[in-house]
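Numbering (the numbering used here), first residue to last: 150 to 385.
A virtual CB, placed ideally from N, CA and C, is assigned to each residue, including glycine.
Only one structure is covered here, and it is reproduced in the block below.
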């Protein structure tokens, strides 16, 4: 079997890559209609962003026949989020080849939506390990007194969080509550209510893979496992 041809992603590939991403974004939205709801100008925003990254010498941008990968370097890991392989059966060959190529430049942090099983298998085939798990739940608009505050931090008894904007290509209808600590179901409810008063429409909780108790709490609270973050093992 011929090895997949991994080569630079260029401006000539821009329309093709943007089109692949649009198809994937539609698929994501079907699994989390608010969390992954596309912004009205998502395609235009992504085109401009990807064009910039292709020209950025500090960013790795490569493609194969059926997919592409962009790896940014914001810290100790190469962040691989903007990556699409289509059709999905090409993940086992081209997806793994693209990831392996990127891993030669440094340790990876690879974003994997939970329902994308072929993407998940590629991460495992490459020997990456789960480092963080995101769960989410939609929040409904608060019907009482709404609060306007410049302070984006939220702290209640037993829980704390931060209001953050959604990524530019998504529009959940308001800010996102990123829960940074929670000790009980009641505390989770309190921090959600406080965030909803401030306009938050989605709550996200990060879970260490080893924290089974938190996973159980979130499952019982109606959260959905949304995204895995895989990293290169520290011993690798």
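ask   = Between residue 236 and residue 339, what straight-line distance do the alpha-carbon atoms span, to the nearest angstrom?
value = About 43 Å.
request  = Tell whether a beta-carbon distance below 8 Å holds between residue 248 and residue 280.
outcome  = Cβ distance not < 8 Å, so residue 248 and residue 280 don't count as in contact.
Straight-line Cα distance separating residue 185 from residue 203 = The straight-line gap from Cα to Cα measures roughly 24 Å.
key: Within the segment 196–283, ranges of the beta strand (DSSP E) (whole runs, at least 3 residues)   = Listed in chain order, the complete beta strand (DSSP E) runs (minimum 3 residues) inside the segment 196–283 are 209–212, 216–221, 227–234 and 257–262.
request  = Identify the continuous alpha helix (DSSP H) that holds residue 365 and give its terminal residues.
outcome  = Per DSSP, residue 365 belongs to the alpha helix (DSSP H) from 361–369.
key: Where the alpha helix (DSSP H) containing residue 342 begins and where it ends   = Start and end: 334–346.
key: Within 8 Å, strictly: CB atoms of residue 311 and residue 329   = Note that the C-beta distance between residue 311 and residue 329 is below 8 Å.
ask   = What is the rounded straight-line gap between the Cα of residue 309 and the Cα of residue 356?
value = Cα to Cα, residue 309 sits roughly 14 Å from residue 356.
inquiry  = Taking only three categories from DSSP, how would you classify residue 286?
reply    = Correct three-state label for residue 286: strand.
ask   = What is the rounded straight-line gap between the Cα of residue 206 and the Cα of residue 342?
value = For residue 206 and residue 342, the distance between alpha carbons rounds to 44 Å.
key: Burial state of residue 160, where buried means 16 or more other Cβ atoms lie within 10 Å   = The residue is exposed, with fewer than 16 neighbouring Cβ atoms inside 10 Å.
ask   = When the distance is taken between beta carbons, is residue 187 closer than 8 Å to residue 174?
value = Contact annotation: residue 174 and residue 187 have beta-carbon atoms nearer than 8 Å.
key: Alpha carbon of residue 217 to alpha carbon of residue 307, nearest angstrom   = A direct Cα-to-Cα measurement between residue 217 and residue 307 gives close to 43 Å.
inquiry  = Assuming contact is defined by CB atoms lying nearer than 8 Å, are residue 275 and residue 254 in contact in what I supplied?
reply    = Judged by their CB atoms, residue 275 and residue 254 are not nearer to each other than the 8 Å cut-off.
task = Could you tell me whether the Cβ atoms of residue 367 and residue 283 are closer together than 8 Å?
result = Cβ atoms of residue 367 and residue 283: not closer than 8 Å.
ask   = From this set, 172, 260, 219 and 178, which residue's C-alpha is nearest residue 158's C-alpha?
value = It is 219 whose Cα lies nearest to the Cα of residue 158.
key: Span of the beta strand (DSSP E) around residue 310   = Boundaries of the beta strand (DSSP E) harbouring residue 310: 308–313, taken from the DSSP string.
request  = Give me the Cα-Cα distance between residue 362 and residue 369, rounded to the nearest whole angstrom.
outcome  = Here the alpha carbon of residue 362 sits roughly 11 Å from the alpha carbon of residue 369.
request  = Would you list the residues sitting across from residue 319 in a DSSP beta bridge?
outcome  = Under DSSP, residue 319 takes part in a beta bridge, and its partners are 187.
key: Spatial distance of residue 152 from residue 212 (CA atoms)   = Distance from the CA of residue 152 to the CA of residue 212, rounded to the nearest whole angstrom, comes to 13 Å.
DSSP three-state assignment for residue 155, whether helix, strand or coil = Here residue 155 sits in coil by DSSP.
request  = For residue 353, count neighbouring Cβ atoms within 10 angstroms of its own Cβ and tell me buried if that reaches 16, exposed if not.
outcome  = The residue in question, residue 353, is buried, as its Cβ has 16 or more Cβ neighbours within 10 Å.
ask   = Applying the criterion that 16 or more other CB atoms from any shown protein chain within 10 Å of the CB defines a buried residue, is residue 172 buried or exposed?
value = Exposed, since its Cβ has fewer than 16 Cβ neighbours within 10 Å.
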